[in-house]
Structures are given as C-alpha cells and as structure tokens.
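A.B. asks: Per full-length UniProt numbering, the sequence shown runs over residues 1 to 751.
Quick reminder that beta carbons are idealized off the backbone N, C-alpha and C, glycines included.
For clarity, every value in this text was computed on a predicted model and none was experimentally measured.
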Amino acid sequence: MDFGAADITESSLPSSSDRPNDATAARKELKGYEELPGTLGTKHDGKEVEQSLRRVRTLGRLRFRPADDDEPQDWWFASTAIPLIAATFAPMANVMSIAALVTSWRSDLRGESSVPAQANSTGIPDPRWCITLNATSLACGFIGNLFLLFNFTRTIRYVICLPATVMSFYFATGILIGITSSMNDYVPPGPGEVYSQGFWHAIIAACLYLFCSMILMINMLGYCLGHYPQHFTLTDEQRNLILQTMMFFIWLAGGAGIFARTSDEWQFVDALYFCDVTILTVGFGDYYAPNGVSRGLVFPFAVGGIIILGLMVSSIHKFARDLSYDYVIRKHMEAHRQRTITRAVSSSTDLQRQNDIEKKIDWSHNHHPTISGPLAPPNQESRGVRRVTSNSDSEGLAPSSSTLERYHEGKIHRTIKAVSQPVKTLQRARLRQPKIILMREEKDRFEAMRAIQMSASRFRKWYALSLSVIAFGLLWCVGAVVFWVAEQSTQQLTYFQSLYFCYVSLLTIGYGDLSPKSNAGKPFFIVWSLIAVPTMTILISDMGDTVIASFKRGTFRLADWTILPKTGLHHPLLRKSPWIRDWLQGKVEKKRVEKGFPVGPDEKQENGPSIEELADPESYSDAELTHLLALAIRKVADDLKNPYPRRYSYEEWVEFTRLIRFTSRTSEQLEDEESEGVIEWDWIGDDSPMLSDQSEAGWVLDRLCESLIRLLKKDNLIRSQPPSHLLSHDRTARYPLRYLRQHPPVNHCLR
Numbered sequence: 001m002d003f004g005a006a007d008i009t010e011s012s013l014p015s016s017s018d019r020p021n022d023a024t025a026a027r028k029e030l031k032g033y034e035e036l037p038g039t040l041g042t043k044h045d046g047k048e049v050e051q052s053l054r055r056v057r058t059l060g061r062l063r064f065r066p067a068d069d070d071e072p073q074d075w076w077f078a079s080t081a082i083p084l085i086a087a088t089f090a091p092m093a094n095v096m097s098i099a100a101l102v103t104s105w106r107s108d109l110r111g112e113s114s115v116p117a118q119a120n121s122t123g124i125p126d127p128r129w130c131i132t133l134n135a136t137s138l139a140c141g142f143i144g145n146l147f148l149l150f151n152f153t154r155t156i157r158y159v160i161c162l163p164a165t166v167m168s169f170y171f172a173t174g175i176l177i178g179i180t181s182s183m184n185d186y187v188p189p190g191p192g193e194v195y196s197q198g199f200w201h202a203i204i205a206a207c208l209y210l211f212c213s214m215i216l217m218i219n220m221l222g223y224c225l226g227h228y229p230q231h232f233t234l235t236d237e238q239r240n241l242i243l244q245t246m247m248f249f250i251w252l253a254g255g256a257g258i259f260a261r262t263s264d265e266w267q268f269v270d271a272l273y274f275c276d277v278t279i280l281t282v283g284f285g286d287y288y289a290p291n292g293v294s295r296g297l298v299f300p301f302a303v304g305g306i307i308i309l310g311l312m313v314s315s316i317h318k319f320a321r322d323l324s325y326d327y328v329i330r331k332h333m334e335a336h337r338q339r340t341i342t343r344a345v346s347s348s349t350d351l352q353r354q355n356d357i358e359k360k361i362d363w364s365h366n367h368h369p370t371i372s373g374p375l376a377p378p379n380q381e382s383r384g385v386r387r388v389t390s391n392s393d394s395e396g397l398a399p400s401s402s403t404l405e406r407y408h409e410g411k412i413h414r415t416i417k418a419v420s421q422p423v424k425t426l427q428r429a430r431l432r433q434p435k436i437i438l439m440r441e442e443k444d445r446f447e448a449m450r451a452i453q454m455s456a457s458r459f460r461k462w463y464a465l466s467l468s469v470i471a472f473g474l475l476w477c478v479g480a481v482v483f484w485v486a487e488q489s490t491q492q493l494t495y496f497q498s499l500y501f502c503y504v505s506l507l508t509i510g511y512g513d514l515s516p517k518s519n520a521g522k523p524f525f526i527v528w529s530l531i532a533v534p535t536m537t538i539l540i541s542d543m544g545d546t547v548i549a550s551f552k553r554g555t556f557r558l559a560d561w562t563i564l565p566k567t568g569l570h571h572p573l574l575r576k577s578p579w580i581r582d583w584l585q586g587k588v589e590k591k592r593v594e595k596g597f598p599v600g601p602d603e604k605q606e607n608g609p610s611i612e613e614l615a616d617p618e619s620y621s622d623a624e625l626t627h628l629l630a631l632a633i634r635k636v637a638d639d640l641k642n643p644y645p646r647r648y649s650y651e652e653w654v655e656f657t658r659l660i661r662f663t664s665r666t667s668e669q670l671e672d673e674e675s676e677g678v679i680e681w682d683w684i685g686d687d688s689p690m691l692s693d694q695s696e697a698g699w700v701l702d703r704l705c706e707s708l709i710r711l712l713k714k715d716n717l718i719r720s721q722p723p724s725h726l727l728s729h730d731r732t733a734r735y736p737l738r739y740l741r742q743h744p745p746v747n748h749c750l751r
C-alpha cells in the first residue's frame with residue numbers, strides 16, 4: 001500500500017490486533033482500494049484509527065474520493081463555479097422549453113408591411129409528434145434540474161445525481177435538436193410563413209441544456225480524477241443563490257402565464273418578453289399592459305420581480321468577489337509575500353553580502369567566453385585576427401567582399417540572428433534579480449506586510465473591474481452582432497444601430513426608438529438581457545471601488561487646494577520634495593540669525609512614548625496590566641462591531657502584544673502558553689495575524705480572551721480555585737465576562 005510521502009512513526013500506527021493481515025491487505029489492493037492515513041487522534045485505539053483512515057477507490061488513473069474526505073482540493077473553478085453556473089442556466093433552459101412547448105413553431109404573416117408582420121402573425125398548429133417530443137424534452141429538463149437540486153441539498157448521493165442530471169440534459173438536447181431539424185426538413189414554413197418565437201425558444205433551450213451538461217461533465221471529470229470529493233463544495237450563501245435563481249425564473253414564467261391569460265392579444269412568448277423588460281426596468285414601450293386587470297397586476301409583479309432580481313444580482317456579485325478573493329487574490333498575495341521573504345535581510349552585513357554576490361554574478365555573465373558560430377565572422381580583421389595571404393592555398397579560403405555581403409544578406413545569417421536574439425533576451429531577463437530589502441527591526445516587517453495588504457487590495461479592486469469591463473464589452477459587441485443579423489429582415493439595422501440599441505438596453509434607458517421586432521430577436525433578447533443587465537450592475541459596483549472612488553478623492557483634493565483650504569496640506573508636498581523643505585528651513589534660519597539667538601534654556605518638548613517603552617513588559621504592574629486588558633477587550637469588541645474592518649497601527653499592535661504575552665515570565669510558563677495557543681508570530685510569515693481568515697479585531701479579541709484565561713489561572717488573582725470544568729478553554733473563551741462576574745479577582749484592578 002502506498003502511503004505517499006507521509007512519514008508514519010510506530011506510535012501512530014494501530015496495534016497488531018487492529019492491523020489487517022497480509023491477505024486482507026492484498027485483497028483490498030487487488031480490489032482497487034488504497035488506504036490513506038488520516039489525522040490520527042491522541043488515543044490510539046482500534047476504533048479511532050479505523051475512523052481516521054480514508055478509503056479511496058482507484059481504477060487506473062481514476063481516483064474516486066469519498067464524501068467525507070478532508071484532503072486538499074484543487075480545480076476550484078470546476079468544483080465551485082461550475083455547479084452554480086449550471087444551477088443558474090438550467091432554470092432558464094426550462095423556461096425557454098416551456099415557451100417552445102406552448103407556442104406554435106410556424107406563423108402565418110398578415111399585412112403587407114414587413115415591420116409589424118411577425119409581431120401580428122397567426123400561429124399554425126404543429127404536428128402531434130412534434131408536440132409529444134417537445135413535452136418529453138421538457139420533462140427530461142425538469143428531471144435533470146430536480147436531480148441537480150437534490151445534489152445541492154445532498155438528499156441523494158453525488159454519484160447518482162450528477163450522472164442523472166447530465167443524461168437528462170443530454171436527452172433534452174438531443175430531442176430538441178431532432179425535432180427542430182425534422183421540422184425544417186419535413187414541415188418547413190411555406191410561402192408567407194416564418195418560424196415563430198417558439199421555434200427559436202426551442203433552439204435556445206437546446207443550447208442551454210447542452211451547455212449545462214457539458215460543464216457538469218467537467219465537474220464529474222474533476223471528481224473522477226480525484227481533485228475533490230463527491231459533493232459540491234458550496235456554502236450556505238451559494239445555496240441561497242441557487243434558491244433565489246429558481247425563485248426568479250418561477251416568478252418570471254408565472255407572471256408571463258398570468259399576463260397571457262389576462263390579455264387576448266398576447267401569447268405566452270409575448271407576455272414573457274413583457275415581463276422581462278418590466279423586471280429589468282428597460283421598458284421600450286412596444287409592449288404595455290392592454291387592460292385594467294393587467295395594469296393592476298403590474299404593481300405587485302414589478303415590485304416583487306425587482307426585489308428578487310436585486311437579491312440575485314447581489315448574491316452573484318458577492319459570490320464572484322469571494323471566489324476571486326479565495327482563489328486569485330490570495331495566490332497573488334502569497335506570491336508577493338514569498339518574494340518579500342526571499343528579498344529580506346536583517347542586517348547591513350547581509351545586505352552587503354547579497355550585493356557582492358549579485359555583482360559577481362553580473363560580472364561572470366558579462367565576461368563569459370563566446371562560442372564560435374557555424375561561419376567565420378566577417379570582421380575578423382578588426383578583432384586582430386591576421387590572415388596569411390602569401391600562401392596560395394590560403395588565398396582561396398579568404399572570403400571576398402561579395403562573399404561577406406552574401407553572408408550578411410543570406411538566410412544563414414538571418415537564422416542565426418533570429419535564434420540568438422531571444423536567447424540573449426532570456427539571459428538578460430534571468431539576470432534581473434529583485435532588489436534586496438533591508439529589515440532591521442520588527443516594524444519594518446510589519447510595514448512590509450501592510451504594503452503587501454495594500455497592494456493586494458488594489459489588485460483585487462482593479463482585477464474585478466477588469467473582468468467586469470471585459471464581460472461588458474463582450475456582451476455589448478457580440479450581442480450587437482446577433483441583433484444585427486436577426487433584425488435584418490424586419491428593420492434593416494446597421495451594426496452601429498445595433499451597438500446603439502445594445503448600449504441603451506444595457507444602461508436600462510429604453511428610449512423605444514429601437515426594439516426587437518423579429519421572432520428570433522425577442523427570444524435572444526430575453527436571454528441576453530438577463531445576463532447583460534446584471535453584468536452592468538456589477539460593473540457599476542466595481543467602478544464605485546476604483547474609478548468613482550478615485551474621482552471623489554481627486555475632487556476632495558482639488559477642494560482642499562482651492563475653495564476649502566485644509567490645514568497642514570503642504571506637509572506631504574514637503575516630504576516628497578526635500579529641496580523645498582531645505583529652502584524654507586534655510587530662510588527660517590537666516591531670519592533667526594538676523595534676529596539673534598534667545599538666551600536661556602530651550603523649551604521642553606513632550607514626546608509620546610517610544611516603541612521600546614510601549615513594548616517594555618516591566619513598565620506596568622500586574623494590576624495595571626489587568627486593567628488595561630479589560631479595557632482592551634472592550635475596545636476591540638467595539639471595533640469588531642463596526643461594518644468596516646479595523647486595521648491597527650504598529651503602536652496598537654505593540655500594546656496588544658504586551659497584553660497577550662504579559663504572563664510570559666519563565667520558561668515553564670512559556671511552554672504552558674505555547675500549549676494553549678500560539679503567542680509568537682512573524683509579521684510576514686505563515687502565522688502572521690494579517691493572513692488570518694479572521695479580521696484583525698476578531699483575531700486580537702480571541703488572543704486577549706486567552707490572556708484573560710491565563711490571568712485567571714494565577715493563584716494571586718482569584719479568590720478561590722474554581723471548578724475544573726469552568727476553567728476549560730471552550731467555556732471561558734465563549735463566556736469570559738460571565739466567568740468574571742461569578743469569580744471576581746482579589747485585587748481591585750477591575751474597579
């Protein structure tokens with residue numbers, strides 16, 4: 001059996017009575033099982049070891065992990081994003097399939113004008129086999145979506161639900177492709193007839209079913225290759241997004257059915273288009289409520305639809321932000337941190353040594369011996385290589401001027417130059433070493449980590465904005481191409497007009513001068529708008545953190561320099577321009593010399609405590625430290641309630657550090673504290689508080705509560721020894737104030 005690279009000691013293995021014999025191990029290996037060591041507990045009994053072992057079934061290169069697996073996971077996009085994308089588009093495909101079922105696929109045009117002809121056309125009944133297969137396709141789509149929902153709620157096992165979902169979507173896709181092709185071959189539209197909106201809804205539904213099944217196949221492939229266990233890695237908020245998406249499409253389809261019943265002029269597809277432009281607040285004006293009942297229904301329908309859409313867009317935005325932070329921003333931040341660690345030195349001696357090494361490397365690369373090329377260089381005379389021309393044999397070998405010209409203009413010289421140039425460029429790029437950073441004190445490491453955090457924050461904002469701009473541009477330009485082609489037969493739109501129409505629709509302006517008129521344009525507009533308008537909303541939200549925030553800062557800065565002058569505004573300018581500061585100081589000193597020097601002692605300047613004084617553990621007594629500990633817990637608890645995460649300065653961290661480590665007096669107490677929790681860390685190390693999943697206030701509050709627990713264990717600060725169950729880590733960490741009220745300290749430091 002292969003245990004990987006893990007080193008297993010004898011104490012971590014089960015006893016001989018619990019170990020399987022060689023025959024059992026051989027049978028398991030032949031059946032394709034491998035046992036992986038889990039996290040073994042402190043008690044090495046047979047039952048606990050048996051529960052800690054993980055069973056992974058293998059079949060060739062396939063590796064099927066169990067549902068309760070806690071191994072590392074990768075392929076994050078396939079495990080997290082793909083299930084949510086499928087859960088978003090699957091209900092949309094069901095709605096498109098419903099529209100394809102309840103609407104005739106062919107229409108008889110009426111009137112001579114080509115503009116309103118398709119909107120006022122009359123449906124032609126479809127063949128019975130077409131309706132039957134269409135209903136079967138809708139049933140397969142519903143079954144696949146139902147199994148997908150069961151998979152999210154873990155009602156049925158992953159290995160059953162996901163294949164059932166994929167097969168159902170493939171069946172729905174195949175049936176829709178078959179009946180649309182058969183209708184086009186055997187029952188095509190005759191003269192004066194066109195395909196209706198139902199036909200195009202069927203094509204869109206087939207594309208959506210195919211898209212969902214293909215991306216879910218990628219998710220299944222990741223599971224089969226052992227990249228993640230057999231369940232969707234989703235949080236409660238992501239499952240809430242799935243429910244909101246289903247609720248939105250139920251609201252959209254249900255509203256379309258109600259409006260189609262209240263109006264004699266509308267079919268289901270017309271009512272679906274009306275509901276779409278109403279909820280998205282586009283309102284072209286080509287469709288409006290025709291009677292009083294429909295106008296009355298607009299009030300609750302529009303309000304409910306807009307609320308559900310807002311919740312769904314907010315959840316999508318939060319999901320995209322969290323996904324990018326967990327799998328993109330953290331990797332960027334970790335790479336930046338690793339580069340900083342490799343460049344950091346703690347003394348001037350190390351800095352000088354690194355610089356000397358870099359100089360030696362640069363010198364060795366700049367003075368390396370050259371390797372001769374396949375042909376003799378044409379400028380050998382200039383390099384001091386003298387040719388012997390007295391020998392008759394050598395005269396024939398000397399290249400003439402025409403030979404040199406042919407060498408420079410020939411293919412061989414161009415090939416050598418083309419090959420050697422990228423190699424030289426690569427060598428120069430490899431010689432570029434990162435600049436060494438000198439970090440003498442702990443504050444330098446703290447500020448370096450703060451700089452990494454600020455860089456990651458800027459990268460996160462502009463990265464999200466870049467993705468939103470790219471998505472907006474694709475939807476705008478590609479959508480304009482589709483509308484340009486779809487509306488050629490009805491409105492003869494140009495591509496510029498299509499761009500104008502898509503832009504007005506994306507911004508939800510909806511002038512109404514241009515709107516989809518064709519039977520192909522309206523179904524595509526429903527799908528396109530449901531994707532484009534939320535994308536535009538997310539783009540505006542991302543612009544609020546970057547472009548709009550920069551504009552606001554620029555406006556405030558302009559006001560500070562003009563109509564609303566601010567005190568001390570010139571200080572940053574003086575720090576950036578030392579020559580201005582030196583010039584002003586020179587003028588002040590010149591005036592001081594002219595006035596004469598004052599007689600008497602200088603005025604005392606009161607400076608605040610230094611970092612060393614703040615970090616001195618002996619500057620306060622135990623009673624004062626206890627009082628400061630209680631005040632710090634209250635202050636940090638208030639910071640934790642703020643909506644914006646609080647970032648503490650280095651001086652505040654020094655104060656918190658002293659309160660966290662104040663019981664560290666002897667080596668025995670240090671060992672006890674290390675056994676209770678980590679109290680030592682490096683600012684740019686793996687255990688840095690700034691890399692924690694918690695906020696800084698939450699991290700500090702946990703450590704201060706642990707310090708309070710250590711303080712209460714001291715015999716000189718408690719009146720009587722409390723029961724052992726009250727001193728357990730969980731109860732005192734969760735209820736420190738209740739414990740203080742029940743067991744007040746002896747001295748009066750908390751008064």
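Give the DSSP-derived three-state secondary structure of F232 in the structure shown.
C.D. replies: coil
A.B. asks: Apply the 10 Å Cβ neighbour rule to P377 and answer buried if 16 or more other Cβ atoms are within range, or exposed otherwise.
C.D. replies: Note that P377 scores a pLDDT of 46, beneath 50, so its modelled location is shaky; the value from the coordinates is reported in the next line. Looking at its Cβ environment, which holds fewer than 16 other Cβ atoms inside 10 Å, P377 is exposed.
A.B. asks: Does the count of Cβ pairs from the segment 489 to 497 and the segment 515 to 531 closer than 8 Å reach three?
C.D. replies: yes
A.B. asks: Alpha carbon to alpha carbon, how far is G222 from M167? Give it in angstroms, no decimals.
C.D. replies: The straight-line gap from Cα to Cα measures roughly 18 Å.
A.B. asks: Which partner residues of T122 appear in the DSSP bridge assignment?
C.D. replies: The bridge partners DSSP lists for T122 are D108.
A.B. asks: List in chain order: all unbroken alpha helix (DSSP H) runs of 4+ residues lying wholly within the segment 137 to 198.
C.D. replies: As for any alpha helix (DSSP H) of minimum length 4 sitting wholly inside the segment 137 to 198, the runs are 158 to 186, ordered along the chain.
A.B. asks: Which of helix, strand or coil does DSSP assign to I341?
C.D. replies: In this structure, I341 counts as helix in the three-state DSSP scheme.
A.B. asks: Are the CB atoms of A480 and L467 within a distance shorter than 7 Å?
C.D. replies: no
A.B. asks: Use the C-beta contact count for T173: other C-beta atoms within 10 angstroms, 16 or more gives buried, fewer gives exposed.
C.D. replies: buried
A.B. asks: Going by DSSP, what residue range makes up the alpha helix (DSSP H) through R450?
C.D. replies: E442 to A486
A.B. asks: Taking the alpha-carbon positions, what's the S649 to A86 distance?
C.D. replies: Using only the alpha carbons, I get a separation of about 45 Å.
A.B. asks: For L717 and L711, I'd like the C-alpha separation in whole angstroms.
C.D. replies: Because L717 sits at a pLDDT of 49, beneath the cut-off of 50, its placement in the model cannot be relied upon, and the point is left open.
A.B. asks: Report all residues from its chain with a CB closer than 7 Å to the CB of G254; omit the five preceding and five following residues, and keep chain order.
C.D. replies: So no residue of the chain qualifies.
A.B. asks: My output table needs one value for R661: the three-state DSSP class, helix, strand or coil.
C.D. replies: coil
A.B. asks: Which residues share a DSSP beta bridge with T58?
C.D. replies: R63
A.B. asks: With distance defined between alpha-carbon atoms, name the residue in D638, K566, V654 and Q497 nearest to I701.
C.D. replies: It should be pointed out that residue 701 corresponds to Leu in this sequence rather than to Ile. L701 has its Cα closest to that of D638, out of D638, K566, V654 and Q497.
A.B. asks: Which residue from L539, F496 and W484 puts its Cα closest to that of L506?
C.D. replies: L539
A.B. asks: For G698, I'd like the list of residues in its chain whose CB is within less than 7 Å of its CB, leaving aside the five on either flank, ordered along the chain.
C.D. replies: L640
A.B. asks: What residues in its chain sit with their C-beta under 6 Å from that of P83, if we drop five residues either side in the sequence?
C.D. replies: The residues are F232.
A.B. asks: Thinking L297 and I258 are a contact (beta carbons under 8 Å), I'd like their distance in whole angstroms, please.
C.D. replies: Contact between L297 and I258 holds, since their C-beta atoms are separated by about 6 Å, short of 8 Å.
A.B. asks: Could you confirm whether any beta carbon from chain D is found closer than 7 Å to the beta carbon of C705?
C.D. replies: Among the chains of the structure shown, chain D does not appear; only one protein chain is present.
A.B. asks: Classify K522 as buried or exposed, calling it buried when 16 or more other Cβ atoms lie within 10 Å of its own Cβ.
C.D. replies: buried
A.B. asks: Whole angstroms is fine: what's the gap from C140's alpha carbon to M690's?
C.D. replies: 50 Å
A.B. asks: Are there 16 or more other CB atoms within 10 angstroms of the CB of W583, so buried, or fewer, so exposed?
C.D. replies: exposed
A.B. asks: Check whether the Cβ atoms of F446 and W681 lie closer than 7 Å to each other.
C.D. replies: Judged by beta-carbon spacing, W681 lies beyond the 7 Å limit of F446, meaning their Cβ atoms are not closer than that value.
A.B. asks: So Y195 and W129 are in contact, right, with Cβ under 8 Å, and what is the actual spacing, rounded?
C.D. replies: Wrong, their Cβ atoms sit about 18 Å apart, outside the cutoff.
A.B. asks: Within 10 angstroms of the Cβ of M454, are there 16 or more other Cβ atoms? Answer buried if so, exposed if not.
C.D. replies: exposed
A.B. asks: Buried or exposed for L558, please, with buried defined as at least 16 other CB atoms from any protein chain shown within 10 angstroms of its CB.
C.D. replies: exposed
A.B. asks: For M217, which residues of its own chain have a beta-carbon under 7 Å away from its beta-carbon, when the five flanking residues on both sides are left out?
C.D. replies: So the list reads V166, once near-sequence residues are dropped.
A.B. asks: When you compare only the Cα positions, how much space is there between T626 and P300?
C.D. replies: 59 Å
A.B. asks: Quick one: give me the first and last residue of the alpha helix (DSSP H) that S294 is part of.
C.D. replies: Start and end: G292 to S324.
A.B. asks: Which value, in whole angstroms, describes the spacing of the CA atoms of L475 and F501?
C.D. replies: 12 Å
A.B. asks: Going residue by residue through the segment 494 to 560, where are the continuous alpha helix (DSSP H) segments of at least 4 residues, counting only ones entirely within it?
C.D. replies: 495 to 506 and 521 to 545
A.B. asks: How far does the alpha helix (DSSP H) with Y273 in it reach, from first residue to last?
C.D. replies: F268 to I279
A.B. asks: Flag this pair as yes or no: are the beta carbons of A135 and F147 separated by less than 7 Å?
C.D. replies: No, these two residues do not count as a Cβ contact at 7 Å.
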